[in-house]
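Visitor: Numbering (the numbering used here), first residue to last: 88 to 329. Even for Gly, the Cβ is constructed at its ideal location relative to N, Cα and C. Since the model is a prediction, treat every value here as computed from it, not as a measurement. My questions all concern the structure below.
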């Protein structure tokens, strides 16, 4: 006789193969927390890379291993440079981690920085299930009552579309970082002694961490229950509901 199995709340599915309405908030909160942590790590490393670039670019701009850093900086600015830097110390200035809804919609980063927009659109879709509005992009609130509204397909579709941009940027940033690591590795192993070795080693450590964070976001590692792709799958299923 087959044994009965008990599903965890986040594993419940509806008849259409998607996440059940009762467990959807749990799944979204879990993935949102993962994304915020990953993006904060990415923002911290990119901030460090910007500082190294500012201090040494004039001296090293002709080095072969230095040139790929420009593309990493450009992709990083499009992905996370913005309010997520509020968690990163920068010259003693701290950006606010929360803002009213009206302010969030008009912040200057909204036009070109995709990760904060992605997190905020997820928050919009999430809070709409309680007929509410988000006040922050960094976390999803826990409500004392079950959702009072069905998931709004249009809101989830908007979040999914933004997530596609985030995924493409993260993959491109990961590839660029790996290529930069390869050049740095070749440079550091060039006999008899590589030039500017301390700076090259610092850049290597920074870029390797960027590549690792991008990989953790984009790839579904063995045993992992959270990733950008899994979050996109959840958003897509909710967007297809009528």
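Confirm, please, whether the CB-CB distance from residue 213 to residue 328 is below 9 Å.
Guide: no
Visitor: Decide if residue 270 is buried, meaning its Cβ has at least 16 other Cβ atoms within 10 Å, or exposed.
Guide: buried
Visitor: Just mark residue 151 as buried or exposed, buried being the case when its beta carbon has 16 or more other beta carbons within 10 Å.
Guide: By the 10 Å Cβ count, residue 151 comes out exposed.
Visitor: Whose C-alpha, out of 314, 218, 148, is nearest the C-alpha of residue 242?
Guide: 218
Visitor: Thinking C-alpha only, which one of 287, 211, 158 is nearest residue 239?
Guide: 211
Visitor: Might you give, ordered along the chain, the residues of its own chain that have their beta carbon closer than 8 Å to the beta carbon of residue 295, omitting 5 neighbours on each side?
Guide: 264, 268
Visitor: Report yes if the C-beta distance between residue 326 and residue 254 is below 9 Å; otherwise report no.
Guide: No, these two residues do not count as a Cβ contact at 9 Å.
Visitor: Return helix, strand or coil for residue 118, following the three-state DSSP convention.
Guide: Helix at residue 118.
Visitor: Mapping the DSSP letters down to three states, classify residue 291 as helix, strand or coil.
Guide: helix
Visitor: Indicate whether the contact test is met: 3 or more Cβ pairs, each with one atom in the segment 272-288 and one in the segment 139-154, closer than 8 Å.
Guide: yes
Visitor: Expressed to the nearest angstrom, what Euclidean distance is found between the alpha-carbon atoms of residue 323 and residue 247?
Guide: Approximately 6 Å between the Cα atoms of the pair.
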